[in-house]
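Going by my numbering, the residue at position 245 of the first sequence is 262; the numbering climbs one at a time, nothing skipped. As structure tokens, the structure follows; a few thoughts come after it.
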Amino acid sequence: MPELPEVEVVRRGLADHVVGRRITQATVHDVRSVRRHLAGPADFADSLTGRAVTGAVRRGKYLWMQPDDDAVLCHLGMSGQMLIQKPAMPAQKHLKITLDLDDGMQLRFVDQRIFGGMLVSHGGAVLPAEIAHIARDPLDPDFDADEFRRRLKKRQTGVKRAILDQGLISGVGNIYADESLWRSKLHYARDTKNLRAAEVTTLLANVVDVMSEALAQGGTSFDALYVNVNGESGYFDRSLNAYGQEGLPCGRCGTPIRRDAFMNRSAYSCPLCQPKPRKGRW
DNA sequence: CAGGCTACCTGCCCGC
DNA sequence: TGCGGGCAGGTAGCCT
């Protein structure tokens, strides 16, 4: 569920509550949450026991803790949560992994749908090999906007597909794709090859803006599934202009927002502000 | 490489 | 009240 702003909120929580701590014990409650740790759940737990966490880093929607040169790579999938809680707190229904910390608190990974998970990447502290294919995200100081433009221009696809491709630009999911396209007055099916340079520049700026604004508001929460490490919801959902707004008036022109089936999911757009491309025209 | 489809999961909401 | 279908902030892999 979480996109870059939500994952960054979680990373900051880990930086505050886990970095500087030592993991005294690791418990895997559901092996499916460590299925990407190929050496198995026992090795996962053994690899973490006694390790001190020295950093918490994020690229796109992935984040990892750094026990020295290694990485505990985490992805929240659609429903993953990281919670800092006292051991006395009753276990959540979908509690998957518990890391006991040397200050008496626990880091709990809760994940209803189990699309997320953790793995230990040996020597992966700088960049885990498992995510070498993930592009830098636009909030990364080393994000290369010119390279993004070059690579985008070479794509033969629709613009929303392109910005959802984590290998081209990371961190953008369905919410912020629709929101940045709405702000840019671009239809999601616009061909990347036919985008004008100014349109790409505007889009990139809007991607950065919408994710920065969402981050400042603690992320987007529609329900209790997305929360920070203290269990609190973000409130950027109040600022959404397109995503989930089917039938509601466009904030610019009043035309009802429409929902289209797209990539087995949804694409929300304003039919007037974001005109559908016609063959031969764009 | 593009893109359609499936799998991986649980839960909620709606219509019947 | 129950059941089936559709839907949900994601990713990877297989096929054409």
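The beta carbon of each residue, even a glycine, is placed where N, CA and C say it ideally should be.
- Give me the Cα-Cα distance between E216 and G236, rounded to the nearest whole angstrom. 26 Å
- For the putative contact between V224 and Y193, defined by C-beta atoms under 8 Å, what is the C-beta separation to the nearest angstrom? That pair is a contact at about 7 Å.
- Query: Nearest to H111 by alpha carbon, out of N247, K103, G121, G133?
  - Reply: That would be G133, whose Cα lies nearest to the Cα of H111.
- Alpha carbon of L198 to alpha carbon of A142, nearest angstrom: Cα-Cα distance, rounded: 34 Å.
- Message: At 3 residues or longer, what runs of the beta strand (DSSP E) sit wholly inside the region 67-91?
- Response: 72-76, 79-83
- Query: According to DSSP, is Y252 helix, strand or coil?
  - Reply: Coil.
- Query: CB L21 to CB A43, shorter than 9 Å?
  - Reply: no
- Query: Between which two residues does the alpha helix (DSSP H) containing I192 stretch?
  - Reply: In this chain, the alpha helix (DSSP H) harbouring I192 covers 191-200.
- Message: Going by DSSP, what residue range makes up the beta strand (DSSP E) through V137?
- Response: 134-138
- Item | Whole runs of the beta strand (DSSP E) within the region 132-187, excluding any shorter than 3 residues | 134-138
- For A43, does the three-state DSSP call read helix, strand or coil? Here A43 sits in strand by DSSP.
- When we look at the beta-carbon of R295 and count the other beta-carbons within 10 Å, is it buried (16 or more) or exposed? exposed
- Item | One or two residues paired with V127 in a DSSP bridge | Q98, L112
- Which of helix, strand or coil does DSSP assign to F279? strand
- Message: Tell me the DSSP secondary structure of P266 in three-state form.
- Response: strand
- Task: Could you pull out every unbroken alpha helix (DSSP H) segment of at least 4 residues lying fully inside the region 213-259, listed in chain order?
- Result: 214-233
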